[in-house]
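First residue of the sequence shown? That's 1466 in this note's numbering, and the numbers climb one at a time after it.
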Amino acid sequence: MKYIEIPGVQTPMSRVVQGAISLFALDDPSRFALLDAAVDTGINAFDTAVNYATPDDGVDAILGRWIRHRGGREGIVISAKGCHPALPDWVPRVNPDAINEDINRSRQQIGVDHLDLWLFHRDDPSVDVGGLVEAVNAAIDRGHIGAWGVSNWSTLRIESAVDYADAHDLKGPVANSAHFSLVDQLDEPWDDVVTLTGPDRAADRAWHREQEVAVVAWSPLAGGFLSERIAHQQLEDATEGHLADTARCYLSDDNWARRERAAEVGRRLGLSLSQVALAWALHADFNPLVIVANATTSEVAENVAAEGTVLTESDCQYIFSG
């Protein structure tokens, strides 16, 4: 496993980050076994957010119970998110009060004094970026977070935050969590999300090659599109639920052709389609991390192995464009 040093985060982060959503389908003993297996195979970074929750439980609380079960957080990197719009009416919450509220809520529910990395879950471009930079720096000064970043912000907005921080001798964003995968995102899976895929995002990818803002890619397997478990006919026939969303966002002739070429390379290398797709994403020249919602210990082992897979430049080019 390779690890990435991120300014302000004391422990280098594993390039494979354990995702959160899969934890809801498990009971605590299964969750703890899964998370322990992640650590045992080299994953030390865990993604969470205050809105990843049901009325009865939440990922922050689950991580907290696991940390207490394992006897402490030594070596564990917690990447949390906040300021998600209030549901169900999508009321914006990108403001200093919500920053403090959500950081403190995550700290309390996880049971830790500080979060290693904290990200804005969404943006509100009507809010002055300077006030947001000041507020997260105040949280750093209080010792409540080690570093901060963003999720689903435009590159222009991130650049504005970087410029403001530089001009005022403050700490700027060190991470950007955006969608990135082998296949182009054709439609938003959720409101107000940002992708780095596709020809229209070439300038954004180029910007990240030159900046010290790490990309933490969500949905690198494109909602399961890049998995053998989903067949073309299933996607064509889906009219509701997760499969329908995956089809809406990713099913096209070009994307399916990339999927087939990735599977072909996988057969030659003795790898699964999802392993090749993860390896392809990790080979991007801006050196991303990837969030993968492992649901079983075998998935943990498979996806960690994908991180160590070396694809040749010709493999990567063939998979992407034939």
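For each residue, glycine too, the CB sits at the ideal point set by N, CA and C. These numbers were taken from a predicted model, which means no experiment stands behind them.
Quick check on the burial criterion: 16 or more other C-beta atoms within 10 angstroms. Buried or exposed for residue i?
i	result
residue 1505	exposed
residue 1745	buried
residue 1553	exposed
residue 1649	buried
residue 1616	buried
residue 1631	exposed
residue 1571	buried
residue 1763	exposed
residue 1533	exposed
residue 1865	Since the displayed the chain opens at 1466 and closes at 1787, residue 1865 lies outside it and no answer follows.
residue 1787	exposed
residue 1593	exposed
residue 1638	buried
residue 1646	buried
residue 1531	buried
residue 1659	buried
residue 1567	buried
residue 1503	buried
Do you know offhand how far residue i's Cα is from residue j's?
i	j	result
residue 1561	residue 1573	18 Å
residue 1731	residue 1739	9 Å
residue 1742	residue 1726	10 Å
residue 1556	residue 1595	21 Å
residue 1773	residue 1479	12 Å
residue 1558	residue 1752	31 Å
residue 1580	residue 1682	19 Å
residue 1625	residue 1673	14 Å
residue 1676	residue 1535	36 Å
residue 1670	residue 1678	11 Å
residue 1697	residue 1588	34 Å
Could you say which of the options lies nearest to residue i if we only look at CA atoms?
i	options	result
residue 1524	1488, 1550, 1541	1488
residue 1512	1783, 1583, 1620	1583
residue 1641	1631, 1652, 1620, 1656	1620
residue 1509	1518, 1517, 1499	1499
residue 1607	1628, 1658, 1569	1569
residue 1476	1720, 1526, 1522, 1544	1544
residue 1717	1687, 1707, 1736, 1737	1687
residue 1685	1643, 1701, 1675	1643
residue 1612	1636, 1627, 1757, 1565	1636
residue 1693	1729, 1675, 1661, 1664	1729
residue 1653	1760, 1713, 1541	1713
residue 1663	1715, 1528, 1575	1715
residue 1758	1472, 1468, 1469, 1482	1482
residue 1721	1784, 1672, 1769	1784
residue 1497	1586, 1703, 1528	1528
residue 1776	1769, 1747, 1756	1747
Run through DSSP, which three-state label would residue i get?
i	result
residue 1630	helix
residue 1645	coil
residue 1532	helix
residue 1482	strand
residue 1637	coil
residue 1687	helix
residue 1580	strand
residue 1471	coil
residue 1618	coil
residue 1658	coil
What distance in whole Å lies between the Cβ atoms of residue j and residue i, which are believed to be in contact at a cut-off of 8 Å?
i	j	result
residue 1767	residue 1737	7 Å
residue 1518	residue 1549	Actually they do not touch by this definition, with Cβ atoms about 11 Å apart.
Is the beta carbon of residue i within less than 7 Å of some heavy atom of the ligand ATP?
i	result
residue 1576	In the structure on display, the ligand ATP does not appear, and there are no ligands present to speak of.
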